[in-house]
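A.B. asks:
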């Protein structure tokens, strides 16, 4: 069943836009981006009825919900994340799509290059959006600040939902090759038959200096449990996902997801109010990022955060933030 949400509307004479919001799963990244979308509509005073669908990782339910969006003849559809966008493109007819929280639109096949227009697979696809991609050199730099003497870094991925994390792994590996960094990445894939503890035992046996939790829903949704299991074992956790940064990582590098959602809303305004064609609007990339530190996580792993990392932190969890606000 769809959830209907309304924004604060000061102008009652303006037509109410009916806007779909489609989630593949309830990720912290996507939910925070939707908060930004709602805020942007409220600030702009655009009358709107949000028709929200949560597929919760069920493809059959997702198709039924997208069918409902198409049949409802919504004015526009927000797709939250990469998988949601994959499913929606070409499925909802010529309905305009604005995606957000798509980590790598190039690897996903949506565009030929960063900042380009969507590469249309058919004339039905009318789509643009915003991406949370962070250059891998930036991720590598932050991870290096967090664990300066790191020589072996484990990445924990899933086999079923790991498209985004596979792209992250590829990008970081290429960045390491370009920079000549003496860093080896050890890939550990979660086998659901044996569970998370078995995967973490493989990480511990790999003699690594740190564990990276990427943007991979089956992994980061268990980030609190990962932190519990690794407590006292001497391996710090790093992350590029919002949820794991808050639950488990000593340091994370993430974008401002509410702001990312607001930028997606701005693209929607161009379509709804200015009648621009979405396929003519280039994909927007976030130009900044946030370094988030978690003092409680560092204490759990018995790890002392380096002073150069503390000096550049934008947010500090479990302590006082320095208020830098983003790079």
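Residue numbers (our numbering): 6 to 332.
No residue lacks a Cβ here, since even glycine has one placed at the ideal position from N, Cα and C.
For clarity, every value in this text was computed on a predicted model and none was experimentally measured.
(1) Where DSSP assigns a beta bridge to residue 217, which residues make up the other side?
(2) Three or more beta-carbon pairs under 8 Å between the region 145-161 and the region 178-193, yes or no?
(3) Identify the continuous alpha helix (DSSP H) that holds residue 197 and give its terminal residues.
(4) Below 6 Å CB to CB, which residues in the same chain sit around residue 326 once its five sequence neighbours on both sides are set aside?
(5) Less than 8 Å between C-beta atoms, sequence neighbours within five positions excluded: which residues of the same chain meet that for residue 284?
(6) Distance cutoff 8 Å, beta carbons only. Does residue 45 sit that close to anything in chain B?
(7) Just to confirm, are residue 102 and residue 82 a CB contact at a threshold of 8 Å?
(8) Among all the DSSP beta bridges, which residues are the ones paired with residue 136?
(9) So, helix, strand or coil for residue 149, using DSSP?
(10) At 4 residues or longer, what runs of the alpha helix (DSSP H) sit wholly inside the region 253-322?
(11) Cα separation between residue 36 and residue 118?
(12) Tell me whether residue 23 sits in a helix, a strand or coil according to DSSP, three-state version.
(13) Using 8 Å for Cβ pairs, my map puts residue 254 next to residue 242. What's the rounded Cβ distance?
(14) Quick check on the burial criterion: 16 or more other C-beta atoms within 10 angstroms. Buried or exposed for residue 58?
(15) Exposed or buried, residue 176, counting other C-beta atoms within 10 Å across all chains shown (16 or more means buried)?
(16) Please look up how many angstroms separate the CB atoms of residue 221 and residue 307, rounded, as I've assumed it's under 8 Å.
(17) Tell me where the beta strand (DSSP E) around residue 81 begins and ends.
(18) Measuring only the C-alpha atoms, how far is residue 11 from residue 180?
(19) Spatial neighbours of residue 14 within its chain, please: C-beta separation below 7 Å, excluding the five flanking residues on both sides.
(20) Could you tell me the distance, in whole angstroms, from the CA atom of residue 224 to the CA atom of residue 218?
(21) So, for residue 328: in the same chain, excluding its five sequence neighbours on each side, which residues have a beta-carbon less than 6 Å away from its beta-carbon?
(22) Hey, would you say residue 272 sits closer than 8 Å to residue 289, going by beta carbons?
(23) Please determine, among 34, 178, 42, the residue with the shortest C-alpha to C-alpha distance to residue 142.
C.D. replies: In short, the structure shows the following:
(1) Answer by DSSP bridge pairing, in chain order: 160, 243.
(2) Taking 8 Å as the limit for Cβ pairs, the verdict is that the region 178-193 does touch the region 145-161.
(3) No alpha helix (DSSP H) contains residue 197, which DSSP labels as neither H nor E.
(4) Unreliable placement is indicated for residue 326, whose pLDDT of 45 sits below 50; the coordinate value is still reported in the next sentence. Contacts found: 320.
(5) So the list reads 122, 123, 125, 130, 131, 132, 133, once near-sequence residues are dropped.
(6) Judged by its chain identifiers, the structure shown contains no chain B, having just a single protein chain.
(7) A contact, by the Cβ cut-off of 8 Å.
(8) Under DSSP, the beta-bridge partners assigned to residue 136 are 107, 290.
(9) For residue 149, the secondary structure class from DSSP, reduced to helix, strand or coil, is helix.
(10) For the region 253-322, whole alpha helix (DSSP H) runs of length 4 or above, ordered along the chain, are 262-277, 300-306, 312-317.
(11) The straight-line gap from Cα to Cα measures roughly 26 Å.
(12) Residue 23 falls in the strand class under three-state DSSP.
(13) Residue 254 to residue 242, Cβ: 5 Å. Contact.
(14) Classification for residue 58: buried.
(15) That one is buried.
(16) Rounded to whole angstroms, the Cβ separation of residue 221 and residue 307 is 26 Å, and the two are not in contact under 8 Å.
(17) Start and end: 81-85.
(18) Residue placement at residue 11 is flagged as unreliable, the pLDDT there being 48, under the threshold of 50; the coordinate-derived value follows with that caveat. Residue 11 and residue 180: Cα-Cα distance of roughly 44 Å.
(19) Below a pLDDT of 50, predicted positions are generally treated as unreliable, and residue 14, at 46, falls in that range; the measurement from the model is reported next regardless. Answer for residue 14: 50, 52, listed in chain order.
(20) Distance between the alpha carbons of residue 224 and residue 218 is about 7 Å.
(21) With a pLDDT of 47 at residue 328, under the threshold of 50, the predicted position of this residue should be treated as unreliable, though the coordinate-derived value follows. Same-chain partners within the cutoff: there are none.
(22) Contact flag set, yes.
(23) It is 178 whose Cα lies nearest to the Cα of residue 142.
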